[in-house]
Each structure stands twice: as C-alpha cells, then as structure tokens.
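So the structure is just underneath, and the comments pick up after that.
In mature numbering (1 follows the signal peptide of the UniProt record, and there is no 0), the protein residues as written are -33 to -1, 1 to 483.
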C-alpha cells in the first residue's frame, strides 16, 4: 500500500483495494488466504454501540443481494475478523473467528472486548478467500469532557431517491452516527410515490416474512453510499414503524392483520440480523429490547428509546391531523411504564454534561392547522401529551444539566426549543429538540414549502424548518453544543452537493437555541 494512502480513501471507495493490498504484507488467517470464487462482502461492514472497551462489528455475507438467501447455499461459513490500530493492520489489537449460516441470514455480529478506551480502530472480515472493505470505529472514553461530534438521520426510502446524504455524512467523519428509524420501508414496489418521482425500485412485493425483510435490507446494504456511512463510524440505531409496517402501535397494526405478531417477529429478527447491535438486542419471538443507554465519558449520555413496541394505539382513530380528548388522557403511554421508569432513573443517575434522547417521533407540540382550530399528529408525542410532560418534569426534577431530544419520522428538518409545557409559550425553555428530515423519503423536497411556513407560524417554539433531505450534525463541548442542518437539494438524481441550511448553538446551562 502506498504510504500516501489516507483514511478518507479507506472510507470513500478504496476500502476493498486497501484490504486486498494489505494481505501482501500480513500473515492472515487461513480462511483469508484460501482461494475461492465469488465476492461475498457485497453488503459492506458496520460497527455500533461503542463502549469504553469495545464495539459491535457487523457484516452479512451475500453473493447476490437480491436473492432471499443472498446466493449463499453452502451451509455454515467461518468468518475471520481483525481489529487494528492502523489501516494496514500491522498492529492488530484483537482477532477471532465467527460462524454464520442460513439460520442467521449469513449475518455476523462480533463483540470484541478489551480495546483501549477513547480509541480509533480499523476492522475487517475475511471469508472464503475474500477480504471485506475496511471500516473505522471508535470506543467511548471512560471519563472527561472530550468533544464529541455526532451525525443523526432517519427515513431512507430506497425508491424515493439516491442515498447521496449518506455519502456526505461519511465525509463528515463523525465520532458516532445515530439512526432514528425507518432504515427500510415495507411498502410493495411502486406503491409509495414521491412527488419528485421514484428513480429506483425495490422490484419486490411487500415483505411479510423473514425472507422478504432480509431482501429489503439487502437492497439498502448493497448501496455504496450507505456502505460508506456505515464504514465511517460506529452507529447507534433504533427502529420506528416502517421496519415492520406503517404506524403500528404495540400489538396493533394500522390495518387488520391476524398474523401481525408473526410478521413483527420476522421484522425484528431481520432488523437484528442487519444492524450493528449487541446480542442483548437479539429478539425473542415478537419481542425485542431495543431501548438502551450508552455513555461518552462525562460529555454525553445517550438514552435510546423504543416508541413503538409498548405504546397505546394512536388516539383519535389515528386521524391526521386531529384534536380529541384522548390526546390528553393521562393513562396513555408512548413508552410503556417500564421504559418510562428506566428513562427517569437514567435522568436521576446521569452526571453527563449533555443528556441526549435518541428517539423516533416529534417530541414538541406541533399544531398542524392554521388559525384558531388545532390539529395534531396522534402518531407523535402529541398523541401522548401527559406522558411527554411527565418526562420533561422528570429531567427538571433530576437536574439534568442540558437536555437534547433527537427525533426523526416526519421528513422535515426542524430545530425547536422545548418548553416546560409543550405549546405554552409562557412556560420556560428547558431543553432542545433537533429533528432530522429524511435521507430520501418524500423525494427532493423544497426549502420552505407552505407546510413549513404554517408550522413556524403556528408553533413559535420551532425556530427553523426546511423540507429538504439530509441529516443533522451536533458537536458537544464542555460549554456549548453546535448543530448544523445539512441538506441536499435533490435525491431524484445522484451526486447533489451538501450545504448547511442553518446553524445554531446552545450554551451550557442556558437552554434556548441561538443562531450561529
């Protein structure tokens, strides 16, 4: 390998070539050196859920991503893995061998331990004489207020456009990526149309079983832009509705479906197989423990929520927008009682400078109807308003130093002040909400369409909005958080440049967004 090869080259297209070149100067496991035909690492590599001494490493073997079995027909396969300090793998920190097969969808999850805290590492896999692309990952620091840069995103409808935003996200080289749901969409090919058209297609029916969901994920993982984003940093991921079916709530599907729990079990298993999450997130039938907590030294604590599996059915007949007495029923829950208690306990115990809620649906009040009438989205926190107020009260009672809510779902970028009583402009600002729009869902979008203008008019706590596709970044420092709204002007064709549409800061112990 040339001594001038850069880390950026590893992340953005040269990974496979670098890995192959590295074998000429390394003693590698036998499986890496054995001759074979057919590429098996067509779905890339990923890492996730960093702790001070380890991460999850992931890959999934497939010769033909569009086939339910990935074109893998040989039964069990041995897969070697390595973690190193350098991109040439001359200083290997950890290595081992894993086994996968058809029962796992040929997915591999490895959880190396004993890595130094606060480090940056390179990793790769080998199987059947092939070597995977190289990924970059990180472990969390144990203590200290080290600056932390995250990028977060949601809603990647494959048919609605190209994953250009993922490529730009990779180029940001964040420390961590948070994905907040709708990694795939379950609609049958061609049934969900973007206003700017569907430039590509799943070419598959609506998934209802494990084979169908596995194929949907393969479409996404085979995308080079998504592979670049996964290889750039560890991800912390949660699911929303479309990983299963639109607007499901607990055990209740949006449309009558006697087999819904079996479908949900298949969808959960496919999500686990295809995401870099730990064995603790392996589903048990139609149940999965998705909510969890991760720490980044003293800088940040991530409280990752599950706002689907334990919620009550949507209020007001799930009519959008709507306003009915159910919205303020104190018995209604979005998180379920156990998860709410877990979250409140996390607030009490936290000593982080920044407490970050990574979750799926809009948290603040969002009146969608112009003028005196009101109308809300019952699928978001507005459908569970009393529980939302309890959570805001809890972080205030616990003296959480700086609360930041990250949201997705609605395909629009919003930046909002969180008030002690949502929608009450006279109550104090007690936190911040940052909302990612989508990677592609909704098509090209526009800078300031009528729906965004109306939302800003009706909801003065929302400080900024745009309907473009993209993601947000946030840099957490000891005395300030800096966030940037990053957008692309089109996804209907590939290669659009990225730009910063808006930027804001929040000072330590001074909730409230300031431009700049």
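We put the CB at the ideal spot given by N, CA and C, even for glycine.
Query, Result
"Measuring straight from C-alpha to C-alpha, what distance separates residue 147 and residue 261?", "15 Å"
"Taking only three categories from DSSP, how would you classify residue 358?", "helix"
"Would you mind giving the Cβ-Cβ distance between residue 398 and residue 370, rounded to the nearest angstrom? I have them listed as a contact below 8 Å.", "4 Å"
"May I ask you to list the residues that DSSP assigns as paired with residue 177?", "DSSP output for residue 177 lists no bridge partner at all."
"Starting from residue 152, trace the alpha helix (DSSP H) both ways and give me its first and last residue.", "Segment: none, residue 152 is in no alpha helix (DSSP H) and carries neither H nor E."
"State the start and end residues of the unbroken beta strand (DSSP E) segment that holds residue 236.", "Segment 227 to 241 is the alpha helix (DSSP H) holding residue 236; no beta strand (DSSP E) there."
"Secondary structure at residue 72, three-state DSSP: helix, strand or coil?", "coil"
"Smallest Cα separation from residue 286: which of 134, 296 and 350?", "350"
"Spatial neighbours of residue 259 within its chain, please: CB distance less than 6 Å, with the 5 preceding and 5 following residues excluded, ordered by chain position.", "271"
"In or out: residue 6 buried (at least 16 other Cβ within 10 Å) or exposed?", "exposed"
"Assuming the contact rule is C-beta atoms closer than 8 Å, residue 327 and residue 376 should be a hit. Round their C-beta distance to whole Å, please.", "5 Å"
"Could you tell me the alpha carbon to alpha carbon distance between residue 293 and residue 355, rounded to whole angstroms?", "14 Å"
"Per DSSP, residue 170 is paired with what?", "In DSSP, residue 170 forms no bridge with anything."
"Under 8 Å between the Cβ atoms of residue 310 and residue 300?", "no"
"Going by DSSP, what residues sit across from residue 92 in a beta bridge?", "48"
"Any chance you could list the beta strand (DSSP E) runs of at least 3 consecutive residues sitting entirely within the stretch 344 to 391, in chain order?", "370 to 374 and 380 to 386"
"With a cut-off of 8 Å on the beta carbons, I'd call residue 27 and residue 188 a contact; round off their distance for me.", "7 Å"
"What are the start and end residues of the beta strand (DSSP E) that includes residue 262?", "259 to 263"
"What is the DSSP secondary structure of residue 314, reduced to helix, strand or coil?", "helix"
"Here's a check: name, in chain order, each residue in its chain whose Cβ is nearer than 8 Å to the Cβ of residue 205, leaving out the five neighbours to either side.", "146, 147, 148, 257, 258, 271, 272, 273, 325, 326 and 327"
"Which two residues bound the contiguous alpha helix (DSSP H) that contains residue 10?", "Unbroken run through residue 10: none, as it is neither H nor E."
"Taking all protein chains shown into account, do 16 or more other C-beta atoms lie within 10 angstroms of the C-beta of residue 153, making it buried, or fewer, making it exposed?", "buried"
"Using a threshold of 7 Å, is the CB atom of residue 93 nearer than that to any non-hydrogen atom of the ligand HEM?", "Summarising the ligand content, the structure contains no ligands, and the ligand HEM is consequently not present."
"Quick one: using the 10 Å Cβ neighbour count with 16 as the cut-off for buried, is residue 127 buried or exposed?", "buried"
"Determine whether the beta carbon atoms of residue 438 and residue 118 lie at a separation below 8 Å.", "yes"
"Taking 8 Å as the cut-off, decide whether the C-beta atoms of residue 84 and residue 20 are in contact.", "yes"
"Could you tell me whether the Cβ atoms of residue 330 and residue 290 are closer together than 8 Å?", "no"
"Between residue 404 and residue 191, what straight-line distance do the alpha-carbon atoms span, to the nearest angstrom?", "21 Å"
"In angstroms with no decimal places, state the Cα-to-Cα distance between residue 25 and residue 360.", "38 Å"
"Using only the alpha-carbon positions, how far apart do residue 446 and residue 408 sit?", "35 Å"
"Look at the Cβ atom of residue 52, then the Cβ atom of residue 92, and state whether they are nearer than 8 Å.", "no"
"Kindly indicate which residue of 143, 431, 109 and 150 has the alpha-carbon position closest to the one of residue 123.", "150"
"Starting from residue 101, trace the alpha helix (DSSP H) both ways and give me its first and last residue.", "Counting along the chain, residue 101 falls outside any alpha helix (DSSP H), and DSSP gives it neither H nor E."
"Just verifying my parser: in three-state terms, what is the DSSP assignment at residue 110?", "coil"
"Within the continuous beta strand (DSSP E) that includes residue 197, where are the two ends?", "First-last for residue 197: 191 to 199, but that is the alpha helix (DSSP H), not the beta strand (DSSP E)."
"At what residue ranges does the stretch 420 to 481 contain a whole run of the beta strand (DSSP E), taking only runs of 3 or more?", "429 to 433, 436 to 443, 447 to 455 and 465 to 474"
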